[in-house]
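Engineer: The structure is given below, and queries will be raised subsequently.
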Amino acid sequence: MAAVAVNPAALAVAAENRQPQREMVPGLDSQRRQIENGESGRERPLRAGESWFLVEQHWYKQWEVYVQGGDQDSSTFPGCINNAELFEDQINWRLKEGLVEGEDYVLLPAAAWHYLVSWYGLEHGQPPIERKVIELPSIQKVEVYPVELLLVQHSDMDTPHTAQFSHADSLDLILRTAREQFQVDPKEDTRLWIKNSEGSLDRLCDTHVTVLDAALETGQLVIMETRNRDGTWPSAQLHATNNVSEEDEGFKGQPGICGLTNLGNTCFMNSALQCLSNVPQLTEYFLNNRYLEELNFRNPLGMKGEIAEAYADLVKQAWSGHHRSIVPHVFKTKVGHFASQFLGYQQHDSQELLSFLLDGLHEDLNRVKKKEYVELCDAAGRPDQEVAQEAWQNHKRRNDSVIVDTFHGLFKSTLVCPDCGNVSVTFDPFCYLSVPLPVSHKRVLEVFFIPMDPRRKPEQHRLVVPKKGKISDLCVALSKHTGISPERMMVADVFSHRFYKLYQLEEALSTILDRDDIFVYEVSGRIEAIEGSREDIVVPVYLRERTPARDYNNSYYGLMLFGHPLLVSVPRDRFSWEGLYNVLMYRLSRYVTKPSSDDEDDGDEKGDEEEEEEDKDNIPGPSTGGSLRDPEPEQPGPSSGVTSRCPFLLDNCLGTSQWPPRRRRKQLFTLQTVNSNGTSDRTNSPEEVHAQPYIAIDWEPEMKKRYYDEAEAEGYVKHECVGYVLKKAPVRLQECIELFTTVETLEKENPWYCPSCKQHQLATKKLDLWMLPEILIIHLKRFSYTKFSREKLDTLVQFPIRDLDFSEFVIKPQNESAPELYKYDLIAVSNHYGGMRDGHYTTFACNKDSGQWHYFDDNSVSPVNENQIESKAAYVLFYQRQDVARRLLSQPGSSGPSTSPACGSPPSSEFMDVN
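The numbering of the sequence shown is full-length UniProt numbering, which starts it at 1 and goes up by one.
Printed below as a string of structure tokens:
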């Protein structure tokens, strides 16, 4: 269709109203088709995110009459587009409330609107009324009335700025609008809060969501908060303890040289945080706010971005240079919220916290928003290169974050079935290496040797025995020191003045803990009775003292155990109460004084008086339980390990269960049969009734004070072997890595299912290093756990500060022209001082900017020399690949040292001695 000229008057108006003059426009019929039909017309479907424009209904109707008339010169010419009737005023150009589509306005897609403007122009000064198509549940619509928000600054809540936003706009647009309105410096960090209907403030964490998803409404107050220079947020001071002490006001120091306050057994957390804070590329990632674009708030495996944000706040405070130390209270609370094992203030493992933190940061910053299912494939004979590349790609399809980029490497795992020889090869990612320490097969046990000769004091011995040995090995080792045959020894665990356990020769030494008090007795017989045997009888003997105990009538007397128990060898031909008393007097002669003749006379007089009173009692026969007076209280305690022995007829041999019998001259002490707990009641369990009875020596307080020398009884001598220390030769870190990559057989608790045999097998397993990460974390497995014991290995591991070479351990074909791909420099160390039940964590770390090493001990920070870093306390090592260090140093604007991070020279001679 030929083009025709537009009304000259209209062209004049268009020229006056900033619209460019058009020489040619389509014919009226063509205009109608373009505006109302086709892809660009009113009839096209709505699409979310598109722009549509409002046109005043009367003008549009006039235009329809005009084009339908077909006469270019008709008086029905509509003139310029005029939307004046849609606005409340012509200053703010706000739409009138309650406008209705089809009555007050029509909606045109962007293309149709631009056609009309180019043909007819827009009234001078009027803004186009552009609106977005938004997607609501099950419907799409043009948003005629956008959300009108009141923007304010946290520092000035009384000066709001009104701005309109579409429901489809992201919160990031609101943040950018607020930054522009309040002229915030591009380098400053900001975040948004909203005031809810209850008057409290809620964080708008995810700036990628829309206004609709965030449920923002017209008239709602949106607060923009700007981070302080010291890395803190102004709002944090309203809800938590002020992190800034008075002495920190105006402080300016080296960024990163900042302590962390111990909140109560949180040194493990502080140590892990200081190590991670000194990983250069990770810290730069947070300082430069690259994490903001990658926060994953919808990851079901993550922590809703809260761990990443809490860690980012810590890093920004520590590296602001405005703090000597900070209080990580908010971070501690977040960790406890998402990992209940870290709730409270118990001591934990820095490596366990580090493992949780790396995993939490990874999931909070995972660039994969929707994880796809990936099936793990075995090598099945394919080349290692192909299988490794497939495994890494599969890993990255589900896990892609700065943590993966920085800390993740790749293992090659080879399993071999012992039956069919089937070989399974898989490649698995790792975040750190947990390497074992070479373990000594010997252990040192301290024991007390009790000789039969009463003139000799007990001897303390320090024995070197095999870790997986038996009790008989302990006896053999002691025999070399004492000259006493192992067959003449009995081993016991003594606890609370009684025998906790009597060991058999075939029992494992692993059942003895380092804290146990082990006594080895020289004996000349057996504790188990064998009828017809002429061997001496070994009798367990306890010492008890009769002591007053408070009761209702204040007259109750109890028997309390004291001293060390004995194993006494008694010849069979002397086995009577009288003979046993004499044997015990001989065994106790070193610290029990034999009474003089005068003492015995005194005893006779007192004894005659007692006999007269006892006659009145007229108690027939011997007593079989309890003392001569009221029954003594129970002495609670563990039962002895000696049960199910041959019943020994001690009661039958002696005729009674206590001695001396009534109507007899009083002795230094009385004797009584008791159970293994040291109480007289032997009927508590069936095993006790038939078990070997123990003998108790019962002392009256006055007699004990007069004839029993406690100081001499407790005395002992130290054998020359006590000064012996099992020397632990230092090991090289490379030895630990070699041990990590050696072949091992799976344990029974963790078998492997062989797909060929269709059975669980104790296969052999070998781990090899295929690909190493930029930052290699090496965890030294210092804590050893077994069924019976827990110990910490304090072996000195010698590790290099620089040039740790992994080329001999990486089995992937190597690039010989780039040796720095396999060499690492140390950047941080987490230390653990102390033992299993108590201890303290600290950190050595190299500052990424200065190259200087520092010692972080909670809120204390001091410079140190490199020769102080290696110690027995080293627990977790952080190494940086050399090519990464060079890359970071070569980046524009890098403030790092001119040498390798591990090579920084000390700026002064003032250093803290941490050894």
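C-beta atoms are modelled at their ideal positions from N, C-alpha and C, and glycine is treated no differently.
Which residues in the same chain have their Cβ closer than 6 Å to the Cβ of LEU566, if we skip the five residues on either side of it in sequence?
Structural biologist: Around LEU566: VAL541.
Engineer: Determine the DSSP secondary structure at ARG94, reduced to helix, strand or coil.
Structural biologist: Coil at ARG94, not helix or strand.
Engineer: Expressed to the nearest angstrom, what Euclidean distance is found between the alpha-carbon atoms of ASP608 and LEU505?
Structural biologist: Note on ASP608: pLDDT 44, under 50, position unreliable in the model; the coordinate value appears next. Roughly 50 Å separates the two Cα atoms.
Engineer: Look up PRO429 in the DSSP assignment and say whether it is helix, strand or coil.
Structural biologist: Residue state, collapsed to three classes: strand.
Engineer: Ignore the nearest five residues each way along the sequence and tell me which others in LEU301's own chain have a CB closer than 7 Å to its CB.
Structural biologist: Cβ neighbours of LEU301 beyond the five flanking positions: GLU363.
Engineer: Considering only residues of the same chain and omitting the five flanking positions on each side of GLU162, which have a CB-CB separation below 8 Å?
Structural biologist: Sequence check: residue 162 is Thr here, not Glu. Only GLU148, LEU149, LEU150, LEU151 meet the Cβ criterion.
Engineer: CB-CB under 8 Å to ARG886, same chain, minus the five flanking residues each way: which ones, in chain order?
Structural biologist: Excluding residues within five positions, the ones whose Cβ falls inside 8 Å are GLU820.
Engineer: Put ARG290 into one of helix, strand or coil per three-state DSSP.
Structural biologist: Correct three-state label for ARG290: helix.
Engineer: Report the residue from ILE450, SER479, CYS475, VAL444 whose alpha carbon sits nearest the alpha carbon of VAL464.
Structural biologist: That would be VAL444, whose Cα lies nearest to the Cα of VAL464.
Engineer: Assign PRO109 to one of two classes, buried (16 or more other C-beta atoms within 10 Å of its C-beta) or exposed (fewer than that).
Structural biologist: By the neighbour-count rule (16 or more Cβ atoms within 10 Å), PRO109 is buried.
Engineer: Tell me, to the nearest whole angstrom, how far the beta carbon of TYR824 is from that of GLN880; I am working on the premise that it is less than 8 Å.
Structural biologist: Confirmed, about 6 Å.
Engineer: Of the choices THR842, ARG42, TRP319, whose alpha-carbon is the least far from that of GLY102?
Structural biologist: Measuring from the Cα of GLY102, the nearest candidate turns out to be ARG42.
Engineer: Quick check: what's the CA-CA separation for ASP849 versus ARG203?
Structural biologist: Approximately 33 Å between the Cα atoms of the pair.
Engineer: Do you know how far the Cα of HIS461 is from the Cα of LEU478?
Structural biologist: Between LEU478 and HIS461, the C-alpha separation is close to 8 Å.
Engineer: Under 7 Å between the Cβ atoms of PHE856 and GLN274?
Structural biologist: Yes.
Engineer: Could you tell me how far apart the beta carbons of TYR591 and ALA713 are, in whole angstroms, since I believe they sit closer than 8 Å?
Structural biologist: Between ALA713 and TYR591 the Cβ distance is about 4 Å, and since that is below 8 Å, they are a contact.
Engineer: Please state whether the Cβ-Cβ distance between ARG131 and VAL117 is less than 7 Å.
Structural biologist: No, Cβ-Cβ distance for ARG131 and VAL117 is not below 7 Å.
Engineer: Tell me whether ARG324 sits in a helix, a strand or coil according to DSSP, three-state version.
Structural biologist: Here ARG324 sits in coil by DSSP.
Engineer: Would you call the region 173-191 in contact with the region 222-229, where contact means no fewer than 3 C-beta pairs closer than 8 Å?
Structural biologist: As far as the Cβ criterion goes, the region 173-191 touches the region 222-229, which means the pair count is three or higher.
Engineer: Measure the alpha-carbon distance for ASP651 versus GLY344 and round it to whole angstroms.
Structural biologist: A caution first: ASP651 carries a pLDDT of 47, below 50, which makes its placement in the model unreliable, though a value can still be read off. Looking at the two C-alpha atoms, the distance is approximately 57 Å.
Engineer: Can residue 926 and SER350 be called in contact, C-beta distance under 7 Å?
Structural biologist: Lying before the first or after the last residue shown, residue 926 is absent from the chain, which here runs from 1 to 915.
Engineer: Is PRO819 helix, strand or coil by DSSP?
Structural biologist: It is helical.
Engineer: Please classify SER905: is it buried, with 16 or more other beta-carbons within 10 angstroms of its beta-carbon, or exposed?
Structural biologist: Summary for SER905: the model assigns pLDDT 42, below 50, so the residue's position carries little reliability; its value from the coordinates is reported in the next sentence. Label assigned to SER905: exposed.
Engineer: Give me, in chain order, the residues of the same chain whose beta-carbon lies closer than 6 Å to that of ASN859; leave out the 5 immediate sequence neighbours on both sides.
Structural biologist: So the list reads GLY259, THR261, SER325, once near-sequence residues are dropped.
Engineer: Where SER485 and VAL476 are concerned, what is the direct C-alpha to C-alpha distance, given to the nearest angstrom?
Structural biologist: The straight-line gap from Cα to Cα measures roughly 8 Å.
Engineer: Rounded to whole angstroms, what is the Cα-Cα separation between SER627 and THR593?
Structural biologist: Residue confidence is low: SER627 scores 33 on pLDDT, short of 50, so the model does not pin down where it sits. Its coordinate-derived value is still stated next. Looking at the two C-alpha atoms, the distance is approximately 24 Å.
Engineer: Ordered along the chain, which non-local residues of its own chain (more than five positions away) have a Cβ less than 6 Å from that of LEU415?
Structural biologist: Taken in chain order, the residues that qualify are SER424, TRP752, ALA763, LYS765.
Engineer: Does the Cβ of GLU816 have 16 or more other Cβ atoms within 10 Å, making it buried, or fewer, making it exposed?
Structural biologist: Classification of GLU816: exposed, given that the 10 Å Cβ count is below 16.
Engineer: What residue range does the alpha helix (DSSP H) around GLU578 cover?
Structural biologist: Run containing GLU578: 577-587, per the alpha helix (DSSP H) assignment.
Engineer: Under a three-way DSSP split, which group does GLY259 fall into?
Structural biologist: Looking at GLY259 - three-state DSSP - the assignment turns out to be strand.
Engineer: Within 10 angstroms of its Cβ, does residue 917 collect 16 or more other Cβ (buried), or is it exposed?
Structural biologist: Since the first residue of the chain shown is 1 and the last is 915, residue 917 is not available in this structure.
Engineer: Quick one, are the C-beta atoms of THR426 and SER434 less than 7 Å apart?
Structural biologist: Not in contact: THR426 and SER434 (Cβ atoms no closer than 7 Å).
Engineer: Under three-state DSSP, which class holds LEU649?
Structural biologist: Bear in mind that the predicted position of LEU649 carries a pLDDT of just 41, short of 50, making it unreliable; the figure below should be weighed with that in mind. LEU649 falls in the coil class under three-state DSSP.
Engineer: Could you tell me which of LYS370, LYS480, LEU826, TYR694 sits nearest to ALA845, measuring between CA atoms?
Structural biologist: Measuring from the Cα of ALA845, the nearest candidate turns out to be LEU826.
Engineer: Short of 6 Å in beta carbon distance, which residues of its chain neighbour GLU306, apart from the five on each side in sequence? Order them along the chain.
Structural biologist: These residues qualify, in order along the chain: LYS334.
Engineer: Measure the C-alpha to C-alpha separation of ILE257 and ILE801 and round it to an integer number of angstroms.
Structural biologist: Distance between the alpha carbons of ILE257 and ILE801 is about 20 Å.
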